[in-house]
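Here the sequence shown stands for residues 241 to 338, numbered as in my numbering.
Where is the CB? At the ideal position from N, CA and C, for every residue including glycine.
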Amino acid sequence: MSELATTATEHSTDGQGPSVWILEAGEDYEGGSVKGVYTDRDLAADDFLDLVRDLARYSTLDVDRSGEDPSTGDLYVHGGCDWIQLTRYSVTTRRQLR
């Protein structure tokens, strides 16, 4: 666990402290599941785009909303009742707990 916190700290350049990016997908009103956890948004990009392509390819519904939160860099895609999101979460390290 300390290795993850160290790696996340190395990639954090915006002064917000260590963080991870969590990729999730699911359906409205039915919940979702974690598809991956990444130390860097760029590392998650390929998996995020693969999930978006699958949604567009296998769903009869078009993507109706998508975008990026300019303040956090979070990404989201919504099509019909399906959604995919890549969200940044802060990591709490042992140092912060003392």
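Discussion item. Taking the beta strand (DSSP E) that Y329 belongs to, which residues open and close that run?
Written reply: Per DSSP, Y329 belongs to the beta strand (DSSP E) from D322 to S330.
Practice prompt. Please state whether DSSP places V292 in a helix, a strand or coil.
Written response: Of the three classes helix, strand and coil, the one that applies to V292 here is helix, per DSSP.
Discussion item. Considering just the uninterrupted stretch of the beta strand (DSSP E) at S273, what are its terminal residues?
Written reply: Its beta strand (DSSP E) spans residues G271 to Y278.
Worksheet item: By Cβ distance below 7 Å, which residues in the same chain neighbour T312 in space, the five residues on each side in sequence not counted?
Response: Taking C-beta separations shorter than 7 Å and ignoring five residues to either side along the sequence, the partners of T312 in its chain run R328, following chain order.
Practice prompt. Would you mind reading off the limits of the beta strand (DSSP E) that contains G319?
Written response: Note, G319: beta strand (DSSP E), L315 to G319.
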